[in-house]
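Accompanying notes for the structure given below.
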Amino acid sequence: MLNPYLDIHPDVQQALSEGKPVVALESTIISHGMPYPENVETALRVEKAVRDNGAIPATIAILKGRLKVGLSEEEITYLGQQGQSAIKTSRRDIPFIVANKADGATTVASTMILANMAGIRVFATGGIGGVHRGAETSFDISADLEELAETKVAVVCAGIKSILDLGLTLEYLETKGVPVIGYGTETLPAFYTRESQFGVDYRIDSPELIAAALKAKWEMQLKGGAVIANPVPEEHALKNEEIDSVIDAAIAEMDAKGIKGKDSTPFLLAKVAEKTAGNSLKANIALVLNNAALAAKIAVAYCD
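In this text, residue positions in the sequence shown follow the numbering used here: the first is 4, and each later residue adds one.
The following block contains the structure:
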């Protein structure tokens, strides 16, 4: 039965009907990740990276209350112009945005939900959310982690956002049975940097082997997704000591201003971009393009 709230772009629907590879893409990066028109330019470049590697892109959002799987260039431009007036949308927000016929930019969690509704199994993003620093008292844990535990979508990312507590996030994922795969690395990438002090569960060096593992997981009816951690390209990576001091300063400023919840990540990312003279934004764009290319290769192998 078709979901009455869901609109699937004709190109995406045709690919799914014919068993061809499709890669889901989130929309928070368009509305909340960077300014217009750079956000639209980046979104279109990410879609092109998916196509160049053999798959069909499906950028996901909620527009005027409709769940959209696959956006036209006009819709991507509209969302980019809306900017932060589009509601940052996680699982809990979806029914209210639909009921109010509002615009919503999907996070990792909500993108996974809509991708799963459409039958898309591979999703590319920048970095996933996780356990925030100080969560032992604040209990601030991203809904992304619970979605990874429940929903059959693999997320290709540059690791866990380095503004978070990487160790606690890995512990949470282990408890929930979510595998963390390092693509060509035994060390967990940390978004802006290529490595951290933490290891991954499995190192896999080929998209074909990743696809085979995903297929085995889901054919055995094991619920949940997987994290495929793909390091930021070396020429765009920031140094660990540089980014750590910037993040510590940004977190102190955020705490002093009393910023919490869903506002914390956009604040921290903006501060990091400011303090690194825009180098973090360049790294962000490079790693998203890199992840889109890998996700397409995995989706192709999964369909094969």
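Just so it is clear, CB atoms sit at the ideal spot from N, CA and C, and this is done for glycine as well.
- Note on F126: 16 or more other CB atoms within 10 angstroms of its CB, so buried under the neighbour-count rule.
- By the 16-neighbour rule on beta-carbons within 10 angstroms, F99 is exposed.
- Scanning the region 6-41 for uninterrupted beta strand (DSSP E) segments of 3 residues or longer gives 9-11, 25-28, listed from N- to C-terminal end.
- Here the alpha carbons of F194 and P236 stand approximately 10 angstroms from one another.
- Here A46 really is in contact with I79; their C-beta atoms are around 5 angstroms apart, less than 8 angstroms.
- Closest in alpha carbon position to T188, among K220, S199, L19, is S199.
- Between the beta-carbon of K274 and that of E256 there is about 7 angstroms, and that keeps the pair under the 8 angstroms contact cut.
- Between D10 and K104 a beta carbon distance of about 13 angstroms is seen, past the 8 angstroms cut, so the two are scored as non-contacting.
- When DSSP states are grouped into helix, strand and coil, A64 belongs to the strand group.
- When rounded, the separation of the alpha-carbon atoms in T190 and E44 is 31 angstroms.
- Out of G86, K51, V249, R69, the CA that lies nearest to the CA of V25 is found in K51.
- Under the three-state reduction of DSSP, V101 is assigned to helix.
- Cβ contact annotation for V181 (same chain, cutoff 8 angstroms, sequence separation greater than five): L148, L151, A152, G227, G228, A229, V230, in chain order.
- Assignment of V159 by DSSP, reduced to helix, strand and coil, places it in the strand class.
- Under the DSSP assignment, V303 falls in the alpha helix (DSSP H) whose first and last residues are 282-306.
- If you ignore the 5 residues before and after N294, its C-beta comes within less than 8 angstroms of the C-beta of A127, T128, G129, V159, C160, A161, N233, all in its own chain and listed in chain order.
- For F270, the enclosing alpha helix (DSSP H) has its first and last residue at 267-278.
- When secondary structure is reduced to three states using DSSP, A219 falls in the helix class.
- As the crow flies, the alpha-carbon of D251 is around 44 angstroms from that of D14.
- For L167, the secondary structure class from DSSP, reduced to helix, strand or coil, is coil.
- Looking at the DSSP output, V230 bridges to V158, V183.
- If you draw a straight line from the Cα of R136 to the Cα of A219, it is about 34 angstroms long.
- Distance between I144 and T110, taken at the CA atoms: about 14 angstroms.
- Counted as a single uninterrupted DSSP element, the stretch harbouring G261 is not any alpha helix (DSSP H), since DSSP gives it neither H nor E.
- A direct Cα-Cα distance of roughly 11 angstroms separates P7 from V101.
- Measuring C-alpha to C-alpha distances from S34 to each of T62, K164, G132, A58 identifies T62 as the nearest.
- Taking C-beta separations shorter than 7 angstroms and ignoring five residues to either side along the sequence, the partners of W221 in its chain run K155, following chain order.
- Cβ-Cβ separation between G133 and D168: approximately 7 angstroms, consistent with a contact (criterion under 8 angstroms).
- For K91, the pairing in a beta bridge is given by DSSP as A108.
- For the pair Y186 and L292, the CB atoms are not nearer than the 8 angstroms cut-off.
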